[in-house]
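Have a look at the structure below before the remarks.
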Amino acid sequence: MSDEVMTQPIQVLPPPDPHTRLRHWAGRVVGRLVAERQATVDAVVPAPTPLQPIDLTDDARVTQVLDLAERVGDVVLASGTSVMDTTTQVEFIASTYGLSQIDIDVTYNAIRISADRGPSLPPASTMRVVNYRSLDFTRLAAVDRLTRRIRREVVPPEEAHAYLDRICCAPHPYSRWVATLGWSLMAAAIAVLLGGGTLVASVSFVATALIDRTNRVFNRLGLPFFFQAMAGGAIATAPAILLATFAGRIEANPSLIVAAGITVLLSGLQLVGSVEDAITGAPITAAARMLEVMMMTGGIIAGVALALRVAEMAHAVSPTIDMYSSTGISNLAMQVLAGAIAALAFALACYAERRALAAAGLSGAAATVCYVLAEAAGFGPVVSSGFAATVVGLAGGLMARRSLTPPLVVAMAGITPLLPGLKVYRGLSALLNDQLLMGLSQLLASFAVGCALAAGVTLGEWIARFLRQPRILKRFRGIRRPVIASNR
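For our numbering, add 5 to where a residue sits in the sequence shown, where the first one is 1.
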C-alpha cells in the first residue's frame, strides 16, 4: 500500500489568497491575545475531572470543601458583588471538587449551602455569616485569581484554604495615610468637576482628610456607621460655612465643598449591588442593601442639617446654592481629567492594585465624557447617568480582560464622579428653607440618578458577558467522577 501511495501524483495546491492569509493570521493573533488576557468570568475553561475527588462519605472532607466555597463567597459578597455572581462563584468551586448537586442560599449577611450526597447519605449543610469589612480591592482581586486557579488546576482543598487564609489575614497593601490621601484627592477632583476653583478644591481636600481620620477613630471606638456618616456630613459642611462667612470677597462657591464631601461619603455604599440584586431576582438582599444605603444617606443629611442649623443659631452665613446650575460642556478637558482622577483616587482609597488604578481612571474619564455629551445632547441627568453607567459597565467587563481586574472594581470607581452629591445638598438646602416641593424634587431626582447608575452598570456588564458568553454553568455541570474504561 505504501508503494501505491508513493506512485500517486502529487497535487500542487494553489497559493492561498492574500486576504485569506490575513484573516487566518488575525484570527491566530486575536485568539492568542484573548487566551492570555481574559477576565475570570470569561477565562473559565472546561474543568478537568477532579484530580483528587473527595469522598462523599467523608463528612470532614465535604465540610472542608463547603467551607472553602463559602469563604470565597464571603469575600466577594462583602465587596458588594451581587447575589447571582456570588452564587455562581460558590457553585463552581463546590462542583470542581465533586459536589455538583448543591443548593445555595445567599442573603444579605449569610451564605447557606446544602450538598446532596446521594440517596444513601444524608445531605451536608453549612452556613457562614458574612462580616462586612472595609473595601479592599486587592483582596477581591486575589480571591479572583484563586478562583481562576481552582478552575484551571483543581487545587487541593487544604492548599486552597491555606492560600485563602493568607489573603484574608494579609494587611492592606498601602498604609492608611495613603487611603486618606485617596479620599482627599477624590474630593478635590469632585469639587473641580462640579465647577469649583483651586480654593474650593483645596478646602475639600483638607475637609475630607479630617472626615476620614475622625471616622477611623470613631470606628475603633465602635460607633455605629449611621453616626459616623452624620459626623462626616457635619465636618464637610463646617468649612463651607466658615468660607461663606469670613471670605465674602473671595469668588468661590462654598456649597461645592459640601457637595464634594457628600459624594465621598456616598461612594463605597452598595448601591450597585442593591439595584442589581433587585433586577436579577434577589429581593431580600436588595431590600436590605437598599435600606443600608438609605440609612447612611440619612445620616449624611442629618449631619449636614445639624451643621446648617448650628450656623443659623450662631448667625453665620450658610453656603448658598444654585438650584438650576449644570456642568455644561464649556471645559470638557478639565472635566474629563477631574473625573479620571476622582475614579482613580477612589480605587486608591479602596486599596486597589496598581494595574487596577489605570483601568479605574479610564473608566471615570469615559463616564464623564458620556455624561457630559449626553446632557449636552438634550437628555436629562437621569438618562445621561444611565447611559454613562452602561458604558462603564461594558468597559468594566472588557477592560477586566486586559488587566485581569474584577469588573466590580472598574464599575464602582467609574460611577464615582457621577454620584448625586450636589442634588442631595440642593434638596436638603431647599427643605431647610421651607421649599418643600423643590427639596423633595431634588432628593427624588438624586435617588433616580443613583438607581440609573446602578441599573446602567448592571446592563453594561450583561452586554459584556453576552458578547463573550462564558457558559459557566454548562461547563462545570459536566464535572463528574472519572470513568475508567475497561480493556477489551
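Heads up, the beta-carbon is just placed ideally off N, CA and C, and yes, glycines get one too.
- Straight-line spacing of the CA atoms in Val341 and Gly123 works out to 58 Å.
- Here DSSP, grouped into helix, strand and coil, assigns Thr213 to helix.
- Ala65 counts as exposed, since fewer than 16 other C-beta atoms from the protein chains shown sit within 10 angstroms of its C-beta.
- The beta carbon of Pro425 is closer than 7 Å to those of Ser451, Val454, Gly455 in its chain, skipping five residues each way along the sequence.
- The three-state secondary structure of Ile116, taken from DSSP, is strand.
- For Ser130, the pairing in a beta bridge is given by DSSP as Ser119.
- By the neighbour-count criterion, in which 16 or more other beta carbons inside 10 Å mark a residue as buried, Phe251 falls on the exposed side.
- Membership of Val111 in the beta strand (DSSP E) is indicated by the continuous run 107-111.
- The Cβ atoms of Gly201 and Asn258 sit closer than 8 Å to each other.
- When DSSP states are grouped into helix, strand and coil, Tyr376 belongs to the helix group.
- Contact holds between the stretch 420-440 and the stretch 386-397, because three or more Cβ pairs, one in each stretch, are under 8 Å apart.
- Comparing alpha-carbon positions, the option among Cys355, Val160, Ile116, Leu151 lying closest to Tyr179 turns out to be Cys355.
- Linking Ala264 to Val429 through their CA atoms gives a straight-line distance of about 8 Å.
- Between the alpha carbons of Thr302 and Ala234 lies a distance of about 8 Å.
- According to the DSSP assignment, Gly419 belongs to the alpha helix (DSSP H) that extends over 412-419.
- Note on geometry: alpha-carbon atoms of Leu104 and Thr62 lie some 12 Å from one another.
- Taking all protein chains in view, the Cβ of Ile98 is crowded by 16 or more other Cβ atoms within 10 Å, so the residue is classified as buried.
- Taking every protein chain shown into account, the CB of Glu75 has 16 or more other CB atoms within 10 angstroms, so this residue is buried.
- In this structure, the straight-line span from the alpha carbon of Met295 to that of Leu276 is close to 7 Å.
- Between Gly465 and Ala348, the CB-CB gap reaches or exceeds 8 Å.
- Contact between the stretch 142-150 and the stretch 71-88 is present: three or more C-beta pairs spanning the two stretches fall below 8 Å.
- Listed in chain order, the non-local C-beta contacts of Gly238 below 6 Å within the same chain comprise Ile305, Gly308, Val309, local neighbours out to five positions each way being set aside.
- Rounded to whole angstroms, the separation of the alpha carbons of Pro324 and Thr93 is 48 Å.
- In the three-state reduction of the DSSP assignment, Asn224 falls in the helix class.
- For Glu358, there is no enclosing alpha helix (DSSP H), as DSSP gives it neither H nor E.
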